[in-house]
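In my numbering, the protein residues as written are 4 to 165.
A virtual CB, placed ideally from N, CA and C, is assigned to each residue, including glycine.
These numbers come from a predicted model, not from an experiment.
Data block below; observations after.
Structure (structure tokens):
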């Protein structure tokens, strides 16, 4: 014999319970009984803990990928700065205005190219990974060129030499 309980529910929760019972074709009391049994079962805590562990594992993997990508970005920037500082000769004061103008043009070209790459979903980290591990390359890999054909000169030098 079953015991009778009088429970009070928030009207919205009661409506949701009624909708579920109609969809499932069972009485509301059966749904409430199953929910209470699940809540009181000894493995309910284990299931909840397992769900937390899965979420934490997923977050850990995502954090590891972010850390790897950030390390690559920092190393790439440091390598570029070291190279740039070692090959760039100081300019005479008479050449600085022209160099600033050309630098502004190159920077604008860089920003436009970066915008196009981001719109296409290109990723330097993905390109580096594909170069290091070509066997992981997918058949439908993204294009790896940094510049599109509409760029007159990818180096931005416009035919000039340093």
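Quiz prompt | Cα-Cα separation between residue 105 and residue 139, rounded to whole angstroms | solution = In the chain shown, counting from the first residue as 1, residue 105 sits at position 102. In the chain shown, counting from the first residue as 1, residue 139 sits at position 136. Their backbone Cα atoms lie some 40 Å apart in a straight line.
Quiz prompt | Alpha-carbon to alpha-carbon, residue 26 and residue 67 | solution = For this step, residue 67 is matched to residue 64 along the chain shown. For this step, residue 26 is matched to residue 23 along the chain shown. Near 43 Å, if we compare the C-alpha coordinates of residue 26 and residue 67.
Practice problem: Inspect the beta-carbon positions of residue 128 and residue 75 and report whether they are closer than 7 Å. | Solution: Residue mapping note: residue 128 aligns to position 125 of the chain shown, counting from 1. Residue mapping note: residue 75 aligns to position 72 of the chain shown, counting from 1. Yes.
Quiz prompt | Cα-Cα separation between residue 111 and residue 96, rounded to whole angstroms | solution = Translated into the one-based positions of the chain shown, residue 111 becomes position 108. Translated into the one-based positions of the chain shown, residue 96 becomes position 93. Rounded to the nearest whole angstrom, the CA to CA distance from residue 111 to residue 96 is 23 Å.
Quiz item: Where does residue 12 sit, in a helix, a strand or coil, going by DSSP?
Solution: Here residue 12 corresponds to residue number 9 of the chain shown, with the count starting at 1. Here residue 12 sits in coil by DSSP.
Quiz prompt | residue 136 - DSSP class collapsed to helix/strand/coil | solution = Looking up residue 136 in the chain shown gives position 133. Here residue 136 sits in coil by DSSP.
Quiz item: Counting only runs that start and end within the region 18-87, where is the alpha helix (DSSP H) found for 4 or more residues in a row?
Solution: Counting whole runs of 4 or more residues, the region 18-87 contains the alpha helix (DSSP H) stretches 31-43.
Quiz prompt | residue 107, DSSP secondary structure in three states | solution = Against the chain shown, residue 107 aligns to sequence position 104. When DSSP states are grouped into helix, strand and coil, residue 107 belongs to the helix group.
Quiz prompt | Backbone CA spacing between residue 118 and residue 124 [nearest angstrom] | solution = Reading the chain shown from its first residue, position 115 is the one you call residue 118. Reading the chain shown from its first residue, position 121 is the one you call residue 124. Looking at the two C-alpha atoms, the distance is approximately 10 Å.
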